[in-house]
Amino acid sequence: MKRSRMSFKTRKSRSSSIRKGKLDEDVWFKIVSQDIPRISQEPVKSLGRWYDSSLKDTKRGSEALEKA
3 MKRSRMSFKT RKSRSSSIRK GKLDEDVWFK IVSQDIPRIS QEPVKSLGRW YDSSLKDTKR
63 GSEALEKA
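Here the sequence shown stands for residues 3 to 70, where the numbers follow our numbering.
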């Protein structure tokens with residue numbers, strides 16, 4: 003998809019749908035008939051932090067203590 007001279011890469015994007023405080027695995031997002039992978043399928047690292055389907059920061063705290 004190209005819009006205003008920028009291209010959107012679905013393979014580099016991740017999606018998640020949250021309903022009533024829980025992940026909804028039945029929802030798929032699409033752009034130009036291409037599925038965007040769910041964050042539960044492929045975690046992504048952004049700004050030095052990993053994002054996955056757990057939605058909890060307790061694991062991140064223990065990882066920070068291990069690095070220190």
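The C-beta atom is built at its ideal place from N, Cα and C for all residues, glycine as well.
Where residue i falls: helix, strand or coil (DSSP)
| i | result |
| --- | --- |
| LEU25 | strand |
| ARG62 | helix |
| SER13 | Note that residue 13 is Arg in the sequence shown here, rather than Ser. It is helical. |
Contact set for residue i: own chain, Cβ-Cβ below 6 angstroms, skip 5 residues either direction
| i | result |
| --- | --- |
| SER19 | ASP26, VAL29 |
| ASP37 | TRP30 |
Closest Cα partner of residue i within the set the options
| i | options | result |
| --- | --- | --- |
| PHE31 | SER15, VAL46, ARG21 | SER15 |
| PRO39 | ASP54, ARG7, THR12 | THR12 |
| VAL46 | ARG7, MET8, SER9, SER17 | SER17 |
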